[in-house]
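Undergrad: Under the numbering used here, the first residue of the sequence shown carries the number 44, and numbering increases by one thereafter. Ideal Cβ positions, reconstructed from N, Cα and C, are used throughout, including at glycine. Treat the numbers as computed from the prediction; the structure is a model and nothing was measured. Below you will find the structure I want to go over with you.
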Amino acid sequence: MGKNLVIVESPAKAKTIEKYLGKDYLVMSSYGHVRDLAKGDGSIDIENGFTPKYIVSPDKKKIIADLKKAVKEVDSVWLASDEDREGEAISWHLKETLGLDKKGYKRITFNEITQSAVIKAIENPRMIDDDLVNAQQARRVLDRLVGFELSPVLWRKVKPSLSAGRVQSVAVRLVVEREQEIEKFDSKSSYRTDGFFKVNNAPLHAKLNTQFEDIQQAKKFLESCVGYDFKVKSIVKKPAKKTPTAPFTTSTLQQEASLKLGFSVSRTMSVAQKLYESGLISYMRTDSVNLSQTALDAAKKELESAYGNEYFTLRKFKTKSSTAQEAHEAIRPTNFALHEIDADRDEERLYQLIWKRSIASQMTDAKLERTSVKIDAPGANEFSTTGEVILFDGFLKVYLESNLDEDDEEIEGLLPQMKEGDPLIRQKITSTERYTRPPSRYVEASLVKKLEELGIGRPSTYAPTISTIQKRGYVDKGERDGSDREFEVLLLEKEEVKQIKNSEKTGSDKGKLVPTDIGRVVTEFLIDNFDQIMNYNFTANVEKEFDDIAKGLVDWTKMIGAFYKPFHVKVENTLEHSDRASGERLIGVDPVSGKNMYARIGRFGPMVQIGESDDEDKPKFASIGKDQSIQTITLEQGLELFKFPKVIGEFEGEAVKVNKGRFGPYVQLGKLFVSIKESNGDTLETMEITRAIELIIAKREDDSNRLIKSFKEDKTMELLNGRYGAYLKIGKKNFKLPKGTDPTLLSYDECIEISKNQPKPKGKKQ
């Protein structure tokens with residue numbers, strides 16, 4: 044074994060670094076964090092300065108044992124986890140767990156995994172930065188305290204099994220408030236007019252400078268265009284330029300990968316991590332737009348070689364945010380001469396995006412000539428259009444940034460040759476009814492942008508925050524296509540104005556972030572009772588305090604103490620004095636019983652209820668379907684839910700029922716549930732006993748084919764056939780079988796051994 048042990052976070056990173064260091068270095072991976080806060084209320088000693096109690100994660104015990112063994116056999120230990128707070132904390136936990144205070148250690152970091160960067164890091168070791176570790180500890184402890192104290196409040200006051208988080212709850216609030224803005228929005232229509240002409244036998248499209256309030260005004264204008272002599276009123280040419288944007292930060296990479304590649308935030312970070320660990324890009328968690336002098340020199344050399352001197356302009360970008368975390372570089376390629384890579388398709392596409400944005404940031408402005416044309420029209424109106432000619436493409440040769448906001452309505456492109464006074468031949472004029480649009484729902488990328496604007500979260504937190512609010516069921520990705528809406532189009536072609544009806548889809552939420560009923564009720568409850576936690580400025584200020592801790596300006600335990608005392612009092616008051624929150628809404632009166640019907644959140648989720656909770660006769664309940672909401676469900680839709688469950692016959696002495704669940708319709712016989720699939724021609728309303736029995740028998744056959752073996756020693760242990768082959772199930776946990784294993788020959792004891800010796804999970808830093 045070599046004299047040096049280098050510990051990194053991931054096996055992929057270890058493999059890359061091992062190529063650069065000689066035989067005297069052994070590189071091993073910790074697979075991310077090796078310790079975490081203990082479970083339960085003993086994890087933080089509140090009385091003694093919020094001292095955290097850490098334990099080695101169960102899945103890391105073997106890794107720690109292997110590392111301890113390696114530490115004993117080497118002269119020097121190098122801690123080479125990532126260079127941000129999370130990475131610093133990983134190194135600190137390794138130092139503590141492996142007992143490196145006695146052995147000694149060297150801490151090294153690099154912004155990119157290249158031979159020169161790794162060698163330079165080895166030549167310039169340092170000690171662990173306690174301030175960075177404390178900033179990470181403060182975040183972890185504060186988030187645990189908030190979650191640990193708030194979650195039981197939600198269990199008591201809203202619904203069991205809910206959880207709250209300091210940043211996540213604020214992110215959900217943004218989605219909820221955007222939905223409320225959309226619901227309150229009053230859409231108004233107006234008429235927008237387009238003229239299609241010919242000038243010097245070439246087509247020309249222009250827009251009228253006036254929008255008409257109603258169809259009568261629009262029609263009157265079109266009628267006035269009959270027989271009108273249109274001509275070019277003015278032509279103004281102005282020089283213009285386009286300037287490249289800064290290289291990528293974490294958030295701008297997430298936004299651009301969403302717009303250009305259709306990647307989710309978590310997918311972007313997963314692919315970027317692979318590129319970084321393969322030595323292809325610099326570190327991908329950063330809020331800096333700065334490029335090192337080495338990178339600037341490399342970009343200049345490649346630009347002049349590939350495109351010529353005239354395409355290079357040195358640019359040094361400055362990070363706007365005063366709270367930007369440690370002085371990282373922007374995300375960039377490690378080798379600017381490598382325009383493309385040969386890898387997985389996702390990696391190839393993301394690398395290209397990073398290369399183009401980085402190289403474009405050092406390129407010359409695009410020089411344009413912008414032409415604005417105005418065209419006489421009846422009354423005080425005029426048509427106008429703009430076009431641009433690229434005189435020198437500059438950075439546009441490589442890259443043009445996407446626009447996350449609404450599309451620009453200007454017409455841009457090449458214009459035909461013309462001069463002032465030239466007559467125009469009218470081809471047609473249209474006046475189209477257009478509706479004002481409500482604010483757009485957030486997509487993952489625009490939510491990241493908003494969080495960054497508000498100063499909430501940091502590069503390492505955006506992806507986990509957005510994943511968490513979806514996993515917890517507070518926010519969903521919409522699936523509705525929207526509904527049809529009619530609009531009017533007036534068309535003047537020859538001498539007559541025609542009125543045409545058309546339709547468009549509106550209200551689609553496909554792929555956009557939509558709050559669930561639970562998300563809305565929890566948000567309203569937290570705003571009412573924990574306004575400080577839910578306040579955007581408070582959440583941003585906490586981030587600034589973490590930054591101050593990282594700079595050594597603030598004692599982390601004092602910062603936590605100042606927050607915790609009033610917060611804990613608020614928790615106790617809320618538990619004692621606040622009402623339950625259910626989002627209850629009266630939706631009408633049941634025509635049969637004459638009792639009120641409500642939509643609300645119940646113990647098991649969104650539901651409708653007939654009758655009052657304190658009635659002598661117990662109220663009736665029915666679960667709301669997945670595509671329904673307590674905010675919008677009508678009386679008629681609520682009554683439909685009470686038609687089920689319905690007994691449709693008997694089989695084997697038991698009632699056969701049909702019912703509608705949260706995930707669709709099903710047939711039930713005792714504890715057996717069989718989905719009703721419309722793709723097979725079956726529906727809830729038409730299901731008869733004969734067909735139901737067929738489905739029950741088919742389901743039993745499927746289940747029996749699935750079972751390979753069960754065990755009398757443990758009724759929850761089964762060997763099953765799955766989609767990807769045989770596997771072991773014990774209770775609710777699934778375990779892989781070693782390759783080549785015959786499941787029919789396995790004994791109970793062998794299954795226990797398999798469950799204890801599962802393959803190491805691929806560790807990822809969160």
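Classify residue 703 as buried or exposed, calling it buried when 16 or more other Cβ atoms lie within 10 Å of its own Cβ.
TA: What you label residue 703 is simply residue 660 of the sequence shown in a count that begins at 1. Answer is buried; the Cβ neighbour count reaches 16.
Undergrad: Just verifying my parser: in three-state terms, what is the DSSP assignment at residue 368?
TA: As a position in the sequence shown, residue 368 is number 325, starting the count at 1. Reliability fails at residue 368, whose pLDDT of 47 lies under 50, so the model's placement of it is uncertain and the value that follows must be treated cautiously. Note: residue 368 maps to coil in three-state DSSP.
Undergrad: Can you tell me the Cα-Cα spacing of residue 778 and residue 285, whole angstroms?
TA: Within the sequence shown, the letter at position 735 stands for residue 778. Within the sequence shown, the letter at position 242 stands for residue 285. Spanning the two alpha carbons is a distance of roughly 56 Å.
Undergrad: Between residue 357 and the rest of its own chain, which residues show a CB-CB distance below 8 Å, the 5 nearest in sequence each way excluded?
TA: As a position in the sequence shown, residue 357 is number 314, starting the count at 1. Within the same chain, residue 357 has close Cβ partners 339, 343, 405.
Undergrad: In whole angstroms, what is the alpha-carbon distance linking residue 650 and residue 635?
TA: Position 607 of the sequence shown, counted from the first residue, corresponds to residue 650. Position 592 of the sequence shown, counted from the first residue, corresponds to residue 635. So the two alpha carbons sit approximately 19 Å from each other.
Undergrad: Just how far apart, CA to CA, sit residue 412 and residue 379?
TA: Indexing the sequence shown from 1 puts residue 412 at position 369. Indexing the sequence shown from 1 puts residue 379 at position 336. Rounded to the nearest angstrom, the two C-alpha atoms are 31 Å apart.
Undergrad: Which of helix, strand or coil does DSSP assign to residue 234?
TA: Counting from 1 along the sequence shown, the entry for residue 234 is found at position 191. If DSSP states are grouped into helix, strand and coil, residue 234 belongs with the strands.
Undergrad: So, at 7 Å on beta carbons, what are the nonlocal neighbours of residue 759 in its own chain, with the 5 sequence-adjacent residues on each side left out?
TA: Counting from one through the sequence shown, the residue named residue 759 turns up at place 716. Hits under 7 Å: 773, 774.
Undergrad: So residue 472 packs on residue 675, CB below 8 Å; how close in whole Å?
TA: For the purposes of this step, residue 472 is taken as residue 429 along the sequence shown, with counting starting at 1. For the purposes of this step, residue 675 is taken as residue 632 along the sequence shown, with counting starting at 1. With a Cβ gap of about 40 Å, residue 472 and residue 675 do not count as contacting.
Undergrad: I'd like to know whether the C-beta atoms of residue 297 and residue 505 end up nearer to each other than 8 Å.
TA: Translated into the one-based positions of the sequence shown, residue 297 becomes position 254. Translated into the one-based positions of the sequence shown, residue 505 becomes position 462. Contact: yes.
Undergrad: Quick check on residue 55 - is its C-beta less than 8 Å from some C-beta in chain D?
TA: Of the chains in the structure shown, none is chain D; there is only one protein chain.
Undergrad: Under 8 Å Cβ to Cβ from residue 422, same chain only, skipping five residues before and after it: list those, please.
TA: Reading the sequence shown from its first residue, position 379 is the one you call residue 422. Correct list, in chain order: 264, 267.
Undergrad: Quick one: what does DSSP say residue 278 is sitting in, helix, strand or coil?
TA: Walking along the sequence shown from the start, residue 278 turns up at place 235. In this structure, residue 278 counts as strand in the three-state DSSP scheme.
Undergrad: How long is the line joining the alpha carbons of residue 492 and residue 486, rounded to whole angstroms?
TA: As a working note, residue 492 is residue 449 in the sequence shown. As a working note, residue 486 is residue 443 in the sequence shown. Cα-Cα distance, rounded: 10 Å.
Undergrad: Quick one: what's got a C-beta closer than 6 Å to residue 451's C-beta in the same chain, skipping five residues either side?
TA: Walking along the sequence shown from the start, residue 451 turns up at place 408. Its pLDDT being 43, under 50, residue 451 is placed unreliably by the model, and the measurement read from it follows with that caveat. So the list is empty, once near-sequence residues are dropped.
Undergrad: Roughly how many whole angstroms lie between the Cα atoms of residue 323 and residue 315?
TA: On the sequence shown, residue 323 is found 280 positions in, with the first residue counted as 1. On the sequence shown, residue 315 is found 272 positions in, with the first residue counted as 1. Their backbone Cα atoms lie some 9 Å apart in a straight line.
Undergrad: Are the stretch 622–630 and the stretch 590–600 in contact at 8 Å, needing three or more beta carbon pairs?
TA: In this structure the stretch 622–630 does not lie against the stretch 590–600, because fewer than three pairs of beta carbons, one per stretch, are closer than 8 Å.
Undergrad: Residue 78 bridges to which residues according to DSSP?
TA: Working through the sequence shown from its first residue, we reach residue 78 at position 35. Paired residue(s): 99.
Undergrad: Assess, as a yes-or-no matter, whether the stretch 114–124 is touched by the stretch 46–57 under the definition of 3 or more beta carbon pairs within less than 8 Å.
TA: yes
Undergrad: Determine, using beta carbons only, whether residue 292 and residue 329 come nearer to each other than 8 Å.
TA: On the sequence shown, position 249 is the one that residue 292 refers to. On the sequence shown, position 286 is the one that residue 329 refers to. Their beta carbons are under 8 Å apart, which means residue 292 touches residue 329 by this criterion.
Undergrad: With hydrogens ignored, establish whether the beta-carbon of residue 82 is closer than 7 Å to any heavy atom of the ligand NAP.
TA: Only the bare structure without any ligand can be found here, which leaves the ligand NAP out of the picture.
Undergrad: For residue 124, does the three-state DSSP call read helix, strand or coil?
TA: Within the sequence shown, numbered from 1, the residue matching residue 124 stands at position 81. Coil.
Undergrad: For residue 47, write down the residues that DSSP places opposite it in a beta bridge.
TA: Position 4 of the sequence shown, counted from the start, is the residue given in the question as residue 47. Partner residues in the beta bridge of residue 47, as assigned by DSSP, are 68, 119.
Undergrad: Grab the span of the alpha helix (DSSP H) containing residue 478 for me, first residue to last.
TA: Along the sequence shown, one-based indexing puts residue 478 at 435. Where residue 478 is concerned, there is no enclosing alpha helix (DSSP H), although the beta strand (DSSP E) it sits in stretches over 468–478.
Undergrad: Tell me which residue opens and which closes the alpha helix (DSSP H) that residue 611 is part of.
TA: As a working mapping, residue 611 is identified with position 568 in the sequence shown. Run containing residue 611: 599–620, per the alpha helix (DSSP H) assignment.
Undergrad: Is residue 450 helix, strand or coil when you go by DSSP?
TA: Your numbering for residue 450 matches position 407 in the sequence shown. Legend: pLDDT at residue 450 = 43, less than 50; position of this residue unreliable, no value from coordinates given.
Undergrad: Residues in its own chain within less than 8 Å of residue 369 by CB, not counting five upstream and five downstream?
TA: Residue mapping note: residue 369 aligns to position 326 of the sequence shown, counting from 1. In this prediction, residue 369 has a pLDDT of 43, which is less than 50 and means its spatial position is unreliable; what the coordinates show is noted afterwards. Here the set comprises 126, 127, 128, 175, 593.
Undergrad: Out of 300, 470, 662, which has the shortest C-alpha to C-alpha gap to residue 246?
TA: Looking up residue 246 in the sequence shown gives position 203. Among 300, 470, 662, the Cα nearest to that of residue 246 is on 470.
Undergrad: Measuring straight from C-alpha to C-alpha, what distance separates residue 95 and residue 190?
TA: One-based indexing of the sequence shown puts residue 95 at position 52. One-based indexing of the sequence shown puts residue 190 at position 147. When rounded, the distance between both Cα atoms is 15 Å.
Undergrad: Mapping DSSP to helix, strand and coil, what is residue 751?
TA: Position 708 of the sequence shown holds residue 751. In the structure shown, residue 751 sits in a strand (DSSP, three-state: E or B).
Undergrad: Quick one, are the C-beta atoms of residue 5 and residue 252 less than 8 Å apart?
TA: In this structure the chain extends from 44 to 809, so residue 5 is not present and cannot be described.
Undergrad: Locate the beta strand (DSSP E) running through residue 640, then write down its first and last residues.
TA: Counting from 1 along the sequence shown, the entry for residue 640 is found at position 597. First-last of the beta strand (DSSP E) with residue 640: 639–645.
Undergrad: Start and end of the alpha helix (DSSP H) containing residue 355?
TA: Position 312 of the sequence shown, counted from the first residue, corresponds to residue 355. Careful: residue 355 lies outside any alpha helix (DSSP H) and carries neither H nor E.
Undergrad: Who are the near neighbours of residue 85 in its chain, counting only those whose CB is closer than 7 Å to its CB and skipping five residues on each side?
TA: Here residue 85 refers to the residue found at position 42 when the sequence shown is read from its first residue. Here the set comprises 96.
Undergrad: Do the CB positions of residue 525 and residue 550 come within less than 8 Å of each other?
TA: Residue mapping note: residue 525 aligns to position 482 of the sequence shown, counting from 1. Residue mapping note: residue 550 aligns to position 507 of the sequence shown, counting from 1. For residue 525 and residue 550, yes; Cβs fall inside 8 Å.
Undergrad: Between residue 556 and residue 518, is the Cβ-Cβ spacing less than 8 Å?
TA: By 1-based counting over the sequence shown, the position of residue 556 is 513. By 1-based counting over the sequence shown, the position of residue 518 is 475. Contact: yes.
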